[in-house]
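Comments concern the structure below.
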């Protein structure tokens, strides 16, 4: 696998360890950076998956974490920004050969996927799972970052969720699994986007500490199902003293799945 073109010389990078050192990622020192969200998303992908697509993959954190956790799974990492896609290629290439050989990076807009004129891969109805960490903040309610790359990663109108879910539907085989992470305030928009396309929806709140509202939701859904949604037990990241919980350590350091 080619490591792709290098990023601009004036882009400061850090070399970060994730999953207790099992993954090392190059990423910009400033702006949007991969963290807990990517690892939580990766942990929510079912273990039986063999063909997965990571939409809006960034530097590859979530997709590569899936590949590290599921050694039989092949992944396409889809990223629209050329510099970020180049970093994702470099990050995939620098992993162990048995992992990097299972990962390919596609530089594309999600709107073009599985459509005439779009990239040949990932193909229509070819994936068992699609994972995505859509841009979180509706620009109508938040200040837009002066960093173009950070704004691209963080800002999108809630209605844009529909475009992401449509892309996932095109890519997934019947019965395929969608996994996404988002902020709790977007739950109404998420359920509206899934309606009529996905069922068997599961919603797992993620809490930063025991006495605080959820900071994220992990949402799973199955293409074509009509089973009612289910609210799952929450995941607590830190105890009252600020120490990581055993469940959080298992996911964020050891690479375990979210049970």
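In the UniProt record's numbering, the protein residues as written are 1 to 259. The C-beta atom is built at its ideal place from N, Cα and C for all residues, glycine as well.
Just checking my contact of residue 180 with residue 222 at CB under 8 Å: how many whole Å lie between their CB atoms? As a working note, residue 180 is residue 180 in the chain shown. As a working note, residue 222 is residue 222 in the chain shown. The beta-carbon distance between residue 180 and residue 222, rounded to whole angstroms, is 13 Å. This is too long to meet the 8 Å contact definition.
Residue closest to residue 238, alpha-carbon to alpha-carbon, out of 80, 251, 113, 68: As a first step, residue 238 is located in the chain shown; it is residue number 238 there, counting from the start. For the residues 80, 251, 113, 68, the minimum Cα distance to residue 238 belongs to 251.
Would you call the CB atoms of residue 216 and residue 177 closer than 8 Å? In the chain shown, the residue the question calls residue 216 occupies position 216. In the chain shown, the residue the question calls residue 177 occupies position 177. Not a contact, by the Cβ cut-off of 8 Å.
From the DSSP secondary-structure annotation, give me the bridge partner or partners of residue 198. Translated into the one-based positions of the chain shown, residue 198 becomes position 198. Here residue 198 is bridged, per DSSP, to 223.
Best match in 57, 190, 49 for proximity to residue 126 [C-alpha to C-alpha]: The count along the chain shown starts at 1 and reaches residue 126 at position 126. If we check each option's Cα against that of residue 126, 49 comes out closest.
Our contact map puts residue 92 next to residue 19 with C-beta atoms below 8 Å; I'd like the distance itself, whole angstroms only. Here the question's residue 92 lines up with position 92 in the chain shown. Here the question's residue 19 lines up with position 19 in the chain shown. By a beta-carbon distance limit of 8 Å, residue 92 does not contact residue 19. Their separation comes to about 15 Å.
In angstroms, rounded to a whole number, what distance separates the CA positions of residue 32 and residue 211? Position 32 of the chain shown, counting from 1, holds the residue named residue 32. Position 211 of the chain shown, counting from 1, holds the residue named residue 211. In a straight line, the C-alpha of residue 32 is about 28 Å away from that of residue 211.
If distances are taken between C-alpha atoms only, which option among 28, 124, 207 comes closest to residue 58? If you number the chain shown from 1, residue 58 lands on position 58. Residue 28 is the option with its Cα nearest to residue 58.
Near residue 214, which residues of its chain fall below 8 Å by C-beta distance, leaving aside the five closest residues on each side in sequence? Walking along the chain shown from the start, residue 214 turns up at place 214. So the qualifying residues of the chain are 184, 205, 206, 207, 234.
Tell me the rounded alpha-carbon separation between residue 193 and residue 201. For the purposes of this step, residue 193 is taken as the residue at position 193 of the chain shown. For the purposes of this step, residue 201 is taken as the residue at position 201 of the chain shown. If I take the Cα positions, the gap works out to 12 Å.
Can you find at least 3 beta carbon pairs, one from the segment 128-135 and one from the segment 98-106, that sit closer than 8 Å? Using a C-beta cut-off of 8 Å, the segment 128-135 makes no contact with the segment 98-106, since fewer than three inter-stretch Cβ pairs fall below that distance.
What span of residues does the alpha helix (DSSP H) with residue 174 cover, start to end? Within the chain shown, the letter at position 174 stands for residue 174. DSSP places residue 174 outside any alpha helix (DSSP H); the residue lies instead in the beta strand (DSSP E), whose first and last residues are 172-182.
Given that a residue counts as buried once 16 or more other Cβ atoms are within 10 Å of its Cβ, and exposed if not, what is residue 196? For the purposes of this step, residue 196 is taken as the residue at position 196 of the chain shown. It is exposed - the Cβ of residue 196 has fewer than 16 other Cβ atoms within 10 Å.
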